[in-house]
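Colleague: Number 268 in the UniProt record's numbering belongs to position 268 of the sequence shown; there are no gaps in the numbering.
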Amino acid sequence: MSVRERKIGAREDFQPLGLRSETEIEKVSKIKIFQKQITWEFLFQLASMEFPNQALEGSSQRKIGRGKIEIKRIENTTNRQVTFCKRRNGLLKKAYELSVLCDAEVALIVFSSRGRLYEYSNNSVRGTINRYKKVSTESSNPGTVAEVNAQFYQQESSKLRRQIREIQNLNRHIVGEALSSMTFKELKNLEGRLEKGIARVRTKKNEMLLAEIEFMQKREVELQNENNYLRAKIAENERAQQEQGTNLMPETVYESVSSQTYDRNYLPANLLESNHHYSRQDQTALQLV
């Protein structure tokens, strides 16, 4: 049967609601209700796939979300081992975060079902256990916690003092003091470290000297250029002054000569002296004759 024949048959079988019986109407209504239920269930499944931790608003049929896991022993060995690995890593991570964020002393000891040991401690597991033993054994007295804390701080202070003494001795050894307590091997190691340090100091010193020499050479060239420039400016100023002096000399002489007013009764002194000289020559000549 073709598609067209099927459509024609469906049209022939179709009857309006007014001509159908009550049983047929009930069947149709049940089919519609079933279709609605199927569509709602399909929508709920889609919502649970996309939003597993959220519930649809206005839905009173089902609450979608992550259910509580029942805490009991896992029977399947594979699942139990996988869960152990995941939970163990999370526990170690939480212990590390607690020690870093809160500056707390944390020690964690875990034994698996097969007897394998897993541990974590930011300081020392044995030290933390010893501290716990001291606190737990002396917890009956009210002042034991303060005493234990005082002992802990005393130990820390003694440790810091010992480190300070070691650093001071190392500084003395570097200077060359307090060498009597050192062995041959320690002296050899100290010599090697000092030679390496001296080599680094020399290389740094040579680099600084070369940089200073280059700077001074550049500065010398700059100063020579400035000196040559200043000399050229001075010579140029001197030439300009000489040219101005030569141009002003005739005018000053003319002005000095023209400024003198000749008078009949005024004669220059040099003229009088010259005439007087000539008169003396004439007198001597007359006397000789």
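Glycine included, C-beta positions come from ideal geometry on N, C-alpha and C.
Which residues mark the beginning and the end of the beta strand (DSSP E) in which E119 is found?
Modeller: Locating residue 119 in the sequence shown gives position 119, counting from the first residue. Counting along the chain, the beta strand (DSSP E) containing E119 begins and ends at L117 to S121.
Colleague: Could you pull the DSSP bridge partners for A107 from this structure?
Modeller: Here residue 107 corresponds to residue number 107 of the sequence shown, with the count starting at 1. DSSP, once it has assigned bridges, lists S121 as partnering A107.
Colleague: Please classify C85: does DSSP put it in a helix, a strand, or coil?
Modeller: Here residue 85 refers to the residue found at position 85 when the sequence shown is read from its first residue. In this structure, C85 counts as helix in the three-state DSSP scheme.
Colleague: Does the beta-carbon of A146 have 16 or more other beta-carbons within 10 angstroms, so that it is buried, or is it exposed?
Modeller: Reading the sequence shown from its first residue, position 146 is the one you call residue 146. By the 10 Å Cβ count, A146 comes out exposed.
Colleague: Alpha carbon to alpha carbon, how far is E238 from E214?
Modeller: Indexing the sequence shown from 1 puts residue 238 at position 238. Indexing the sequence shown from 1 puts residue 214 at position 214. For E238 and E214, the distance between alpha carbons rounds to 36 Å.
Colleague: Among the candidates F84, R131, K93 and V100, whose CA atom is the shortest distance from the CA of G115?
Modeller: In the sequence shown, counting from the first residue as 1, residue 115 sits at position 115. If we check each option's Cα against that of G115, F84 comes out closest.
Colleague: Put K72 into one of helix, strand or coil per three-state DSSP.
Modeller: Taking the first residue of the sequence shown as position 1, residue 72 is located at position 72. Coil at K72, not helix or strand.
Colleague: I'd like to check one pair, A95 with I129: are the Cβ atoms closer than 8 Å?
Modeller: Counting from one through the sequence shown, the residue named residue 129 turns up at place 129. Counting from one through the sequence shown, the residue named residue 95 turns up at place 95. It is not a contact, given that the beta carbons lie outside the stated cut-off.
Colleague: Using the beta-carbon count (16 or more within 10 Å), is T246 buried or exposed?
Modeller: For this step, residue 246 is matched to residue 246 along the sequence shown. T246 comes out exposed.
Colleague: Determine the contact status of V125 and V135, defining contact as a CB-CB distance below 8 Å.
Modeller: For the purposes of this step, residue 125 is taken as the residue at position 125 of the sequence shown. For the purposes of this step, residue 135 is taken as the residue at position 135 of the sequence shown. No, they are not a contact pair.
Colleague: Could you work out which residue in A178, T78 and Y118 is closest to L91 when comparing CA atoms only?
Modeller: Sequence index remark: in the sequence shown, residue 91 carries index 91 (1-based). Of A178, T78 and Y118, the residue nearest in Cα terms is Y118.
Colleague: Can you grab the Cα-Cα spacing for the pair K86 / T77, in whole Å?
Modeller: Within the sequence shown, the letter at position 86 stands for residue 86. Within the sequence shown, the letter at position 77 stands for residue 77. Going from the Cα of K86 to the Cα of T77 covers about 14 Å.
Colleague: When the Cα atoms are used, what is the spatial distance from residue 292 to N225?
Modeller: With the chain running from 1 to 289 in the structure shown, residue 292 is simply not present.
Colleague: Can you list, in chain order, the residues of its chain whose CB lies under 7 Å from that of R88, leaving out five sequence neighbours each side?
Modeller: Here residue 88 refers to the residue found at position 88 of the sequence shown. Here the set comprises V110 and Y118.
Colleague: Given this structure, state the Cα-to-Cα distance separating A178 from Q217, to the nearest angstrom.
Modeller: Position 178 of the sequence shown, counted from the first residue, corresponds to residue 178. Position 217 of the sequence shown, counted from the first residue, corresponds to residue 217. A178 and Q217: Cα-Cα distance of roughly 46 Å.
Colleague: Quick check: R80 and I71, are their CB atoms within less than 8 Å of each other?
Modeller: The residue you call residue 80 lines up with position 80 of the sequence shown. The residue you call residue 71 lines up with position 71 of the sequence shown. No. Outside cutoff.
Colleague: Closest to N171 by C-alpha separation, out of L190, S112, S113 and Y229, would be which residue?
Modeller: Residue numbering aside, residue 171 sits at position 171 when the sequence shown is read from its first letter. Of L190, S112, S113 and Y229, the residue nearest in Cα terms is L190.
Colleague: Secondary structure at L230, three-state DSSP: helix, strand or coil?
Modeller: Taking the first residue of the sequence shown as 1, we reach residue 230 at position 230. Looking at L230 - three-state DSSP - the assignment turns out to be helix.
Colleague: Where does G176 fall in DSSP's three states?
Modeller: Position 176 of the sequence shown, counted from the start, is the residue given in the question as residue 176. Coil, per DSSP.
Colleague: Unbroken alpha helix (DSSP H) runs of length 4 or more, entirely within the stretch 144-211: which are they?
Modeller: If we require 4 residues or more, the alpha helix (DSSP H) runs fully inside the stretch 144-211 come out as 144-175.
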